[in-house]
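Under our numbering, think of the first position of the sequence shown as 10, with each following residue one higher. Only one structure is covered here, and it is reproduced in the block below.
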Amino acid sequence: MQKRVLVVEDSQVIQRLIEVCLRPAGLDVEMRADGPSGLEAALDLQPDLVILDVGLPGMDGWEVLAALRSDPRGADLKVMVLTAHAQEEIRRRADSIGADAFLTKPFRPNDLREMAMSLVGPNVMSRN
């Protein structure tokens, strides 16, 4: 089965860029544009990877990540934090809340694809 990636990102341009990067790699990509719907989808869909923007409407990415990590259904989900802020304190915050990876915008498409593939793993069975 295809591995599923949930992208929680409010910019349609970034959503499309991520989709164009990941679909050719054989990944099924689902999109959500705000924190509450992203959290609900992550818990319901149990994707192989969540790509989570920090600056989201309704509930920011930090709140979504903390909620995932505090819920047994989300505690083990792989999460890549995506942000325009490259400061070291932002990276440390992502690590402290439980992010598995951190990528700053703008990013190179190959970097995103390689990071995503390393997180979903070639030998990992899809959760669905």
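Built from N, CA and C at the ideal position, the CB exists for glycine as well.
Next on the checklist: Taking 8 Å as the cut-off, does the stretch 94-105 touch the stretch 23-38 (at least 3 CB pairs, one atom from each stretch)?
Outcome noted: Contact check between the stretch 23-38 and the stretch 94-105: fewer than three CB pairs, one atom from each, fall below 8 Å, which does not count as touching.
Checklist entry - Just to confirm, are residue 65 and residue 91 a CB contact at a threshold of 7 Å? => result Not in contact: residue 65 and residue 91 (Cβ atoms no closer than 7 Å).
Item to check | residue 16 beta carbon less than 7 Å from that of residue 24 | outcome: Judged by beta-carbon spacing, residue 16 lies within the 7 Å limit of residue 24, meaning their Cβ atoms are closer than that value.
Checklist entry - Any idea what DSSP makes of residue 110, helix, strand or coil? => result It is a strand residue.
Checklist entry - How many whole angstroms separate the CB atoms of residue 87 and residue 26, which I take to be in contact at a CB cut-off of 8 Å? => result Not quite, the Cβ-Cβ distance comes to about 20 Å (not below 8 Å), so this is no contact.
Next on the checklist: Just list the residues that DSSP pairs residue 13 with in beta bridges.
Outcome noted: Answer is 37, bridged to residue 13.
Next on the checklist: Do residue 89 and residue 60 count as a contact pair if the criterion is CB distance below 7 Å?
Outcome noted: Here residue 60 is near residue 89, since their CB atoms are less than 7 Å apart.
Checklist entry - For residue 68, which three-state DSSP category applies? => result In the displayed model, residue 68 falls within coil according to three-state DSSP, outside both helix and strand.
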